[in-house]
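In the numbering used here, the protein residues as written are 2 to 266.
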């Protein structure tokens with residue numbers, strides 16, 4: 002099955018009168034969809050996390066996000082490097098797959114297989130944290146919103162169509178990746194969310210470095226914690242070819258420019 006997603010933090014939707022007339026059917030459907038989004042806008046502020054309290058101003062760090070990361074000793078570390086203005090940009094990264102460390106204790110991050118099978122539906126972050134046995138003060142949601150957004154999109158798709166029947170291969174065209182290109186290891190969580198499914202993700206966008214165009218990143222284990230004694234450090238049992246594997250391929254350029262190349266593969 003092939004799905005195409007555009008992931009972004011914000012989206013401005015502007016329709017001119019001429020477009021409304023020429024493309025009325027599409028315009029009507031889009032307006033209804035965005036109206037439904039606006040009716041649920043209050044849900045955006047209803048997070049269960051206990052780390053959301055705004056930190057006090059601290060002049061040692063250039064931004065509140067920097068100070069927030071330092072509260073967890075995560076500032077400029079591993080997967081978190083691109084989460085503040087101090088981080089290097091994607092173009093300067095030598096290897097987009099190199100960061101695979103949460104830099105958190107095992108009790109604060111999903112570094113191993115889940116204790117229980119994924120529930121039929123994870124309807125909220127609270128559901129996810131409970132399933133993964135994470136405390137609500139764990140900051141991993143800051144990075145996991147990439148794979149969890151994909152999970153949520155697929156759940157909505159399954160509710161709206163009967164075409165998806167749990168096939169063993171899921172192909173996703175992921176448009177417009179930016180800082181998540183430095184956080185690719187977080188997509189390993191899709192292994193837990195879609196057990197037994199081979200997931201192929203084509204990441205397409207102008208922010209992909211030219212030197213990385215065409216690069217393939219295979220993820221067969223979870224990002225690791227900082228506990229030396231944790232089983233996630235062991236190669237035994239952490240890479241099982243019979244389990245879900247996530248394959249990422251990078252494409253530089255706009256989707257309409259690269260779509261034909263992607264479909265040829």
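Beta carbons: idealized from backbone N, C-alpha and C, even for Gly. Because the structure is a prediction, the values reported are computed rather than measured.
- Out of 43, 68, 194, the CA that lies nearest to the CA of residue 146 is found in 194.
- By the CB criterion at 8 Å, residue 248 and residue 101 fall outside the cutoff.
- In the three-state reduction of the DSSP assignment, residue 174 falls in the strand class, which pools E and B.
- Between residue 203 and residue 137, the alpha-carbon positions lie close to 32 Å from each other.
- Sixteen is the threshold: when 16 or more other Cβ atoms of the shown chains lie within 10 Å of the Cβ of residue 192, as they do, the residue is buried.
- Excluding the 5 residues flanking it on each side, residue 117 has same chain C-beta neighbours closer than 8 Å at 132, in chain order.
- The residues 103, 135, 139, 141, 224, 226, in chain order, have a CB closer than 8 Å to that of residue 110 in the same chain once the five nearest residues on each side in sequence are set aside.
- Per the coordinates, the alpha-carbon of residue 229 lies some 10 Å from the alpha-carbon of residue 106.
- Following the DSSP letters along the chain, one finds residue 249 inside the beta strand (DSSP E) bounded by residues 247 to 253.
- For residue 258, there is no enclosing beta strand (DSSP E); the enclosing alpha helix (DSSP H) has its first and last residue at 256 to 265.
- The beta-bridge partner set that DSSP reports for residue 206 consists of 253.
- Of the residues 125, 84, 73, the one whose Cα lies closest to the Cα of residue 49 is 125.
- According to the DSSP assignment, residue 193 belongs to the alpha helix (DSSP H) that extends over 191 to 194.
- Between the alpha carbons of residue 214 and residue 207 lies a gap of roughly 10 Å.
- Counting the other Cβ atoms within 10 Å of the Cβ of residue 209 gives 16 or more, which makes it buried.
- Apart from sequence neighbours up to five positions away, the residues of its chain that approach residue 120 with a beta-carbon distance below 8 Å are 128, 132, ordered along the chain.
- Taking C-beta atoms under 8 Å as the contact rule, residue 175 and residue 205 qualify, at a distance of about 7 Å.
- Looking at the DSSP output, residue 86 shares a beta bridge with no other residue.
- Annotated three-state conformation of residue 133 is coil, per DSSP.
- A Cβ-Cβ separation of about 6 Å places residue 222 in contact with residue 189 under the 8 Å criterion.
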